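Numbering (the numbering used here), first residue to last: 438 to 1250.
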């Protein structure tokens, strides 16, 4: 009923204004009849028709109104989980909403809420609010509630979340609804053009997909994507579609979760508990009673009497209306858990109003309360990190983040020692913003590692500050740009190794960083860096972030599965780390700086990766390409990366190979060497081979044979039969007698053969040219790695005085 501003509730004419005794269809002790228009969750565009009119008077309880709807058959038959339903009063012209407790009467609702606004601006919504644990299993016994809850969740998804999910998830959820909605459609029904046109023009794609997705694609491409996605679900039945919808959406939101900002009131003794976050405060079966006490400034105090606890669990809430909604939520779950209609709320006498009943000294801790599926959970920042604002002197502004300015400061410790600090401030201290701002401190408080930024403390009073150790050299990105001519490859690899060790630590505690880049790394000393920015990456607004719907994502750093499905894992962190390592070895260049974000996404899907930085050792670049495997399972772990990057374990990373290879600088928008076409040769833009004596040089001979075969493949690709692709590389074999390089070229060769086989399989399909292109790309990479290997070996020979000049040359360069 969103947007329906017609009269939503009204009073019938009083008997005095009518001519006969039957003017009032219903009259009771509560006075004249009132007709409530209760709206239902809808899954279509007929919003004005999806409601039920309920006749009542002021004495009716909300419980009776809900019961009259459920027993009327309007929603469907055999409703078993009646305790899951609640009535929501919503003001259409503001964000004001009130969950109506079953014990409230219509008259009390009028007095407390409706009288504050024009009657027609209110709307009553029937919703499933109290969701049992394992609801997918339990709702099998109550298909009416299952279907109604599905329509409710899907309606909320389309209204609040559809524009924020990835295109892949939006396509999946939309196609699941098409399959459910048209359950009798043939599995290949959408492949027929006329059927799709009916769906597109008569029904409307916006019934199933967000408008942002529809507007972002050409009609033909969108049709193809919908048809391909629909095939995944073409055989599902109606209930299977709904289950799959819930399971898919759970990757983006927690279904049924409600979060309220609040202050947890605890005794001093309770502050000595171990550091845990989040903390499970109680399950609903343990709650014996609930009290809501009004405080000054429209605040409220909630007291929960917990079975077995020595004192009540007390919570301060900034708004009394919010506290009422929390109380109704907790009480509803308690009734559901105990299978009773009796409320657990204790109404205090007027004489006792405002008394908290808490004994002993108390402390207030900024927190947030979550209630869902049987438990009350509280996210509690660590108390021991609280520091006094008077101990900090602010200096100049270092920069500006998403939440506010970052200041340089001086912190005076309790022992008198002074420490330079960085102070993050928060402009908007509303509860929801403060919770997001504080999330970084909540994460950092438990992180103890020499290459992770140290948290000094938190000031929880408004204005909230997060205080961290200040590092004199600043961000790694700027440091690389300012010192690019001074930094050696040994130092750059050391920085990469230190970041990798920090990520090994995070992997060990099952934490995903999600924004690994040089902008989020700080330089502590000339040989030490520290990883930072935990918890804030999703909120940063910067040109480095690609705006997908309303959120911003660092597309140029992200793994394909993170872009497509918003899935962030340790494997996606591995991908991002390799991009960060590329930034470091490129001395501060932005990845794909020559491309727009939308072009990067396309190239990643085509298998194109970042080129090797000029001075990057070949073995290290090979390691990066492994981290950029499209399949997350094929990427190395951080532990393996530490071993590979450590110079003592990687012969090709020895100092002899860290010197410049004297390759020319890349242009502003370099040619895409990694993306040759099937019609054009992949021209190598590398430094010329050194003019040395090549007699008996097995490395040179092997590399030249390799390059010849690749050139032959390129020249003959349009005349060769598909079955001849692999034969052309089988006529030559190479054995490189250098430790650590055989695996590199073997991987390239395996990739080339894989692409050749793919080209053979698609020789008669529409993917023929694309597969040829990928095959030539793999061949080109093989030749370039061979060339890089030869250059590295030549440099090592020159430095070791083992190189011989070419006969006839008077001087060795």
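Where is the CB? At the ideal position from N, CA and C, for every residue including glycine.
The structure presented is a predicted model; accordingly, all values stated were derived computationally and were not measured.
- Within the same chain, Cβ atoms closer than 6 Å to the Cβ of residue 1029 are found at 993, 1037, the five residues on either side in sequence being excluded.
- In the structure shown, residue 520 falls within a helical segment according to DSSP collapsed to helix, strand and coil.
- CA-CA distance, residue 607 to residue 1072, rounds to 27 Å.
- A Cβ-Cβ separation of about 11 Å leaves residue 858 out of contact with residue 843 under the 8 Å criterion.
- One thing to note: residue 529 has its Cβ no nearer than 8 Å to the Cβ of residue 535.
- Buried is the label assigned to residue 727, since at least 16 other Cβ atoms lie within 10 Å of its Cβ.
- In this structure residue 613 does not touch residue 689 by the C-beta definition: roughly 14 Å separates them, more than the 8 Å allowed.
- The three-state secondary structure of residue 469, taken from DSSP, is strand.
- CA-CA distance, residue 495 to residue 468, rounds to 6 Å.
- Here residue 490 is exposed: its Cβ has fewer than 16 other Cβ atoms, across all protein chains shown, within 10 Å.
- Under DSSP, residue 498 takes part in a beta bridge, and its partners are 542.
- Judged by DSSP in its simplified three-state form, residue 670 adopts helix.
- For residue 847, no alpha helix (DSSP H) segment is defined; the enclosing uninterrupted segment is the beta strand (DSSP E) at 842 to 849.
- DSSP, read as helix, strand or coil, puts residue 506 in helix.
- When secondary structure is reduced to three states using DSSP, residue 1065 falls in the coil class, being assigned neither helix nor strand.
- Around the beta-carbon of residue 569, 16 or more other beta-carbon atoms lie within 10 Å, marking it buried.
- Residue 561 has 475, 526 as its beta-bridge partners, per DSSP.
- Using a Cβ distance threshold of 8 Å, residue 943 and residue 1014 do not count as a contacting pair.
- Per the coordinates, the alpha-carbon of residue 851 lies some 12 Å from the alpha-carbon of residue 829.
- Non-local C-beta neighbours of residue 780 in its own chain, meaning closer than 8 Å and more than five positions away in sequence, comprise 538, 539, 540, 768, 772, ordered along the chain.
- In this structure, residue 522 sits away from residue 473, with a CB-CB distance that is not shorter than 8 Å.
- Counting only runs that start and end inside the segment 604 to 692, there is no beta strand (DSSP E) element of at least 3 residues.
- Collapsing the DSSP output to three states places residue 831 in a strand.
- The beta carbons of residue 514 and residue 581 sit closer together than 8 Å.
- Taken through DSSP and simplified to helix, strand or coil, residue 1031 comes out as coil.
- Counting the other Cβ atoms within 10 Å of the Cβ of residue 1068 gives fewer than 16, which makes it exposed.
- Spanning the alpha carbons of residue 880 and residue 753 requires a straight line of approximately 24 Å.
- No Cβ-Cβ contact shorter than 8 Å links residue 572 with residue 615.
- With 16 or more other CB atoms across the displayed protein chains lying within 10 angstroms of its CB, residue 647 is buried.
- Per DSSP, residue 725 is one residue of the beta strand (DSSP E) stretching across 724 to 731.
- Closest option to residue 755, judged by alpha-carbon separation, among 740, 775, 766, 732: 732.
- Rounded to the nearest whole angstrom, the CA to CA distance from residue 745 to residue 603 is 46 Å.
- Counting along the chain, no beta strand (DSSP E) covers residue 1082; the unbroken alpha helix (DSSP H) around it starts and ends at 1075 to 1082.
- Beta-bridge pairing by DSSP links residue 902 to 862, 896.
- The residues 671, 672, in chain order, have a CB closer than 7 Å to that of residue 624 in the same chain once the five nearest residues on each side in sequence are set aside.
- Bounds of the beta strand (DSSP E) holding residue 742 are 737 to 743.
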